[in-house]
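These notes concern the structure reproduced below.
There are 2 protein chains.
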Amino acid sequence: MESIGHLFVLSGPSGAGKSSLRERVLRIFPEVGYSVSHTTRPPRDGEIEGKDYHFVSAKTFRAMRKAGVFVECAEVHGNYYGTSREQLANHLRERRDLLLEIDVQGARQVKACFPHACFIFVLPPNRDTLERRLQFRGTELQEDVKSRLENASKELLEAPWYDYLIINDVLEQAVEALAAIIRATRFRREAVLPRFINLLQPE
Amino acid sequence: MESIGHLFVLSGPSGAGKSSLRERVLRIFPEVGYSVSHTTRPPRDGEIEGKDYHFVSAKTFRAMRKAGVFVECAEVHGNYYGTSREQLANHLRERRDLLLEIDVQGARQVKACFPHACFIFVLPPNRDTLERRLQFRGTELQEDVKSRLENASKELLEAPWYDYLIINDVLEQAVEALAAIIRATRFRREAVLPRFINLLQPE
């Protein structure tokens, strides 16, 4: 009955602000690991191999997927994304908390393997904000923006099964919300009980 | 599908430090209401009628209980304790969060009516600390200390069904834990979804 690390899964449509939120929260909790996904998407300006993503070719990705490397993988906007099973298992075995930032398809697959993981969905405050954020991102082609907006509508329909919903209106407040969720999860009975089993035995 | 206030239930054996924890946390969240219990226990030094408890006679308590005034009531160390149903309902109807500090018997009764309330158990770090805290309290007779210790052993066996367990070793850290639980609960899907149902509808 040993405790293992907590698994936090962060999802939400493009433009909800997941990455900024994740970066800020990982600065507050440097002990929480972040699982760097593999992707076939080309790097955006400033993105660093091995830090933001592991950038691989579609051929490599498919071979890895066939070899069972991924605990979850999904196709989003024509690109593949996947989380290494080994990376995830290593983290949890070392009893380190781990944060995944993955799309709703991937999150469903993680839910099947880790039903007690903590699932957090990041929502834009409203549709207008979502559109504006995608349009001002500037790194996307216009047709990409349209396809991302359509995809966002579909993804939002998955929000109801997540444990927590964070409305990312003011980043500061969203960071505080996610930090509270991480802190609180560490006091859930599943996490604390194994350490206190002796205290619970009558003498 | 309107949201109502959150109900937080705090339990734990005498000497776990519930009251200090509760007082500190209510200072952080002045918007969270506290349900003042009725009790037949005599006031301790410094306790104020209507703030710490409503002090009533055993006869009055029994009459109130018979009249269905209490949503939960329990006998602890030979004294009765109860929470007014009306006080609780008023708070939640006004969509205000409410904190109850009640014993495990009462908490079970609240769980039956409010299964989605947030149940938090406060644990002493170990048996020695628990004994020391009870002995140094100074307000209890020696036989009371013994009976409280026996009762504590029984109460600790109830900890496993609570949602969260807080080990009150350093008060500062316990306060932070409870504050995080209160903050995080406000982002649970049940609380957020009703406000965002429009965002979730595809256009």
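Protein sequences appear in the order of chains X and L.
Going by the working numbering, the first residue of the first sequence is number 515, and it counts up by one from there.
Going by the working numbering, the first residue of the second sequence is number 515, and it counts up by one from there.
C-beta: ideal position from N, C-alpha, C; glycine also.
Assigned exposure category for residue i - 16 Cβ within 10 Å defines buried
| i | result |
| --- | --- |
| X:A581 | exposed |
| X:C627 | exposed |
| X:E516 | In this prediction, X:E516 scores a pLDDT of 47, lower than 50, which makes its location untrustworthy; the coordinate-derived value is nonetheless stated afterwards. So X:E516 ends up on the exposed side. |
| X:Y562 | The sequence shown places Ile at residue 562 of chain X, rather than the Tyr named in the question. X:I562 comes out exposed. |
| L:E669 | buried |
| L:D642 | exposed |
| X:E664 | exposed |
| L:K573 | exposed |
| L:D677 | buried |
| L:N682 | buried |
| L:F522 | buried |
| X:P556 | exposed |
| X:V684 | exposed |
| L:E686 | exposed |
| L:K532 | buried |
| X:P629 | exposed |
| L:L602 | buried |
| X:I542 | exposed |
| L:P638 | buried |
| L:F710 | buried |
| X:G547 | buried |
| L:E615 | buried |
Bounding residues of the beta strand (DSSP E) (the contiguous stretch that carries residue i)
| i | result |
| --- | --- |
| X:E672 | First-last for X:E672: undefined, no H or E at that position. |
| X:G596 | 593–598 |
| X:I634 | 632–637 |
| L:I588 | Correcting the residue identity first, residue 588 of chain L is Ala in this sequence and not Ile. Its beta strand (DSSP E) spans residues 584–590. |
| L:E615 | 612–615 |
Listed by chain order, chain L residues near residue i by CB distance under 7 Å
| i | result |
| --- | --- |
| X:F701 | Y678, L679, I680, A691, I695 |
Residue i, enclosing alpha helix (DSSP H) - first and last residue
| i | result |
| --- | --- |
| L:A621 | 618–627 |
Within 7 Å, strictly: CB atoms of residue i and residue j
| i | j | result |
| --- | --- | --- |
| L:L612 | L:H605 | yes |
| L:V583 | L:S571 | no |
| X:A621 | X:S525 | yes |
| X:S667 | X:H591 | no |
| L:L679 | X:V706 | yes |
| X:R609 | X:I518 | yes |
| X:V539 | X:A673 | no |
| L:H568 | L:G596 | no |
| X:V624 | X:E600 | no |
| L:D617 | L:A577 | no |
| L:C632 | L:T554 | no |
| X:V659 | X:L644 | no |
| L:V636 | L:A530 | yes |
| X:F575 | L:A691 | no |
Residues that residue i contacts on chain X, provided the C-beta gap is smaller than 8 Å
| i | result |
| --- | --- |
| L:F710 | L637, A673, L679, I681 |
| L:A698 | Y678, A691, A694, I695, R697, A698, T699 |
Under 9 Å by beta carbon: chain X residues contacting residue i
| i | result |
| --- | --- |
| L:L648 | Chain X residues near L:L648: none, gap ~15 Å exceeds 9 Å. |
Chain-ordered chain X contacts of residue i [CB-CB under 7 Å]
| i | result |
| --- | --- |
| L:L707 | P674, L679 |
Near the ligand GTP: residue i beta-carbon under 6 Å from a heavy atom
| i | result |
| --- | --- |
| L:Q623 | The ligand GTP is absent from the structure shown, which contains no ligands of any kind. |
Taking the runs of the alpha helix (DSSP H) that are 4 residues or longer, which of them lie wholly in the segment 655–710 of chain X?
656–670, 685–699, 703–706
Quick one: complete alpha helix (DSSP H) runs, 4+ long, within the segment 522–576 of chain X?
Entirely contained in the segment 522–576 of chain X, the alpha helix (DSSP H) runs reaching 4 residues are, in chain order, 532–542.
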